[in-house]
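In this note's numbering, the protein residues as written are 106 to 391. The next block holds one structure in the form of C-alpha cells; read it before the comments.
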Amino acid sequence: KAKATGGSSFASYDPRMLAGLVERLELEADLRLALERDELRVHYQPTIDMTDSSIVGFEALVRWQHPTRGMISPLDFIPIAEATGLIVPLGRWVLTEACRQAVEWAERDNRRPIKMAVNVSVRQFDRSDLATVVREVLTETGMPADRLCLEMTESVLMTDTEENLAQLVRLKALGVTLAIDDFGTGYSSLAYLRRFPVDMLKIDRSFIERLGEQTDDTALASTIVQLGQSLGMTTVAEGIEEYGQLAALREMGCTFAQGFYFSRPVAAGEAGRLLPLPLAADAPVA
Ligand code: C2E
Ligand code: MG
Ligand code: MG
Ligand code: MG
106 KAKATGGSSF
116 ASYDPRMLAG
126 LVERLELEAD
136 LRLALERDEL
146 RVHYQPTIDM
156 TDSSIVGFEA
166 LVRWQHPTRG
176 MISPLDFIPI
186 AEATGLIVPL
196 GRWVLTEACR
206 QAVEWAERDN
216 RRPIKMAVNV
226 SVRQFDRSDL
236 ATVVREVLTE
246 TGMPADRLCL
256 EMTESVLMTD
266 TEENLAQLVR
276 LKALGVTLAI
286 DDFGTGYSSL
296 AYLRRFPVDM
306 LKIDRSFIER
316 LGEQTDDTAL
326 ASTIVQLGQS
336 LGMTTVAEGI
346 EEYGQLAALR
356 EMGCTFAQGF
366 YFSRPVAAGE
376 AGRLLPLPLA
386 ADAPVA
C-alpha cells in the first residue's frame with residue numbers, strides 16, 4: 106500500500122494496484138448497466154427438511170452474466186454494489202424475480218408450496234423504506250408473505266439500535282420469516298438475539314466444513330442448534346457436502362439443510378424440475 110507521507114508515497118507504487126483499481130472502476134460502470142441490459146440472473150439452491158429429505162424451499166442467489174467476462178460470482182460484485190449503492194435497485198430486482206418465480210412454481214399443479222429465501226444486504230436494511238419495498242414487491246408479484254424468508258447477516262444484530270429493532274419489527278409485521286445468515290461468524294450478543302424477532306439461524310458453512318475433524322466446530326454447531334431450539338428458532342445448516350455432515354447435523358436436531366450434497370444453486374428451469382420429485386431419503390437431487 107502506498108503511504109500518504111509526502112515524497113515516499115511513490116516509492117511503494119505497485120502497478121497491480123492501478124490495474125486492480127481500473128478493473129474495479131470498469132466493473133462498477135458495467136454493473137450500472139447490467140440491470141438495464143438484463144444481465145443479472147437468479148439461481149436457486151434447495152433447502153431440505155432434515156427429517157424426510159424433501160425440498161421445502163429455495164435460496165435465491167444472484168449471478169451476473171457479463172458480456173465479456175462471463176459469469177461473475179456475487180462475492181465479486183455484491184461488495185461493489187454495496188459500496189456504490191447499486192445494491193438497492195439490484196436487491197429489489199432479485200426480490201421481485203425470486204417472488205415472481207416462487208408464485209409461478211406454486212401455480213403449477215400438484216406442487217407443494219415452497220418457501221423462498223432472499224439475501225438482504227446491510228445497506229438495504231439501513232434504509233428505512235425496506236419494509237415498504239418488501240410489501241410492494243409482495244403485492245406486485247402476488248407472493249404470500251409467509252412464503253418469503255429474508256436472510257440478513259449478523260451485522261444487523263451487532264448494532265443494537267432502536268432503529269434496527271423497529272426495522273425488524275416492521276418486516277416481521279408483514280408476515281415474512283427472518284433469518285440470520287452465516288450465523289456464528291459475527292458477534293451478535295445473546296441478549297439482542299432474544300430481543301429481535303428472528304425466526305431462523307443459518308449456521309455458517311465454516312462450522313459445517315470441519316464437522317467431525319475438529320471437535321470445536323462440532324461442539325459449536327451443536328451449540329447453535331441448541332441455542333436455536335431454546336429460543337424457538339429453526340436452524341439451517343449451509344454448505345453440506347458430505348453424507349457424514351448431514352448425519353451429524355440430523356443427530357444434533359438441526360431443522361433444515363442446504364449444500365452441494367443435495368444440489369448446487371441451479372438456474373430456474375432446473376430448479377423447477379427438482380420440485381415435484383418425492384425425494385428418496387438422503388438421495389442427492391442434482
Ligand atoms: P450466502 O447467502 O451465505 O449463500 C451461500 C453461498 O454458499 C452461495 O454462494 C452458495 O452457492 C454457496 N454454497 C452452498 N452450498 C455450498 C456447499 O455445499 N459448498 C460450498 N463450498 N459452497 C456452498 P454464492 O451464490 O457464490 O453467494 C455468495 C454470497 O453472496 C452469499 O452468501 C450472499 O452473502 C451473497 N449474495 C448472493 N446473492 C445475493 C443477493 O441477491 N443479494 C445479496 N445482498 N447478497 C447476495
Ligand atoms: Mg444466504
Ligand atoms: Mg449463508
Ligand atoms: Mg455463507
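Note that the Cβ used here is the ideal one computed from N, Cα and C, for glycine as well.
The Cβ atoms of Arg355 and Ala362 sit closer than 9 angstroms to each other. In this structure, the C-beta of Glu259 stays at least 8 angstroms away from each heavy atom of ligand 2.
At least one heavy atom of ligand 1 lies less than 8 angstroms from the C-beta of Ser178. Note on geometry: alpha-carbon atoms of Gly317 and Cys359 lie some 16 angstroms from one another. For Pro194, the CB stays at least 8 angstroms from every heavy atom of ligand 1.
Between ligand 2 and the CB of Lys307, the shortest heavy atom gap is smaller than 8 angstroms. Annotated as distal: Ala296 and Met221, with beta-carbon spacing of 9 angstroms or more.
Closer than 8 angstroms to some heavy atom of ligand 1: that describes the Cβ of Tyr366. Close CB contacts of Met176 within its chain, under the 8 angstroms cut and outside five residues either way in sequence, are with Arg168, Trp169 and Gln170 (chain order). Looking at the DSSP output, Lys307 sits in a beta bridge with Val341. The Cβ atoms of Gly280 and Pro302 lie no closer than 9 angstroms to each other.
Cβ-Cβ distances below 6 angstroms link Gln350 to Ile313 and Leu316 in the same chain, with the five nearest sequence neighbours on each side left out; the list follows chain order.
Judged by beta-carbon spacing, Leu200 lies within the 9 angstroms limit of Val238, meaning their Cβ atoms are closer than that value. Annotated three-state conformation of Ile219 is coil, per DSSP.
In the assembly as shown, Asp286 is a buried residue. Its beta-carbon has 16 or more other beta-carbons within 10 Å. By the neighbour-count criterion, in which a residue is buried when 16 or more other Cβ atoms sit within 10 angstroms of its Cβ, Asp321 is exposed. Secondary structure of Glu347 (DSSP, three-state): coil.
Beta-bridge pairing by DSSP links Phe361 to Asp154 and Val341. When Cβ pairs closer than 8 angstroms are counted between the two stretches, the stretch 223–235 is seen to touch the stretch 189–206, the count reaching three or more. Cβ-Cβ separation between Gly364 and Glu346: approximately 6 angstroms, consistent with a contact (criterion under 8 angstroms).
If you draw a straight line from the Cα of Ala342 to the Cα of Glu202, it comes to about 25 angstroms.
Take the alpha-carbon of Asp154 and the one of Asn269: they are about 31 angstroms apart. Secondary structure at Phe163: strand, using DSSP grouped into helix, strand and coil.
Within the stretch 248–306, the runs of alpha helix (DSSP H) at least 4 residues long that lie entirely inside it are, in chain order, 260–263, 267–278 and 295–300. Ligand 3 never approaches Glu187 closely enough for any of its heavy atoms to be under 8 angstroms from the residue's Cβ.
Separation of Ile160 and Ser311 (C-alpha to C-alpha, rounded to the nearest whole angstrom) is 23 angstroms. When the beta-carbon positions are compared, Leu145 and Trp198 come within less than 9 angstroms of each other.
Cys204 and Thr246 have their alpha carbons spaced roughly 6 angstroms apart.
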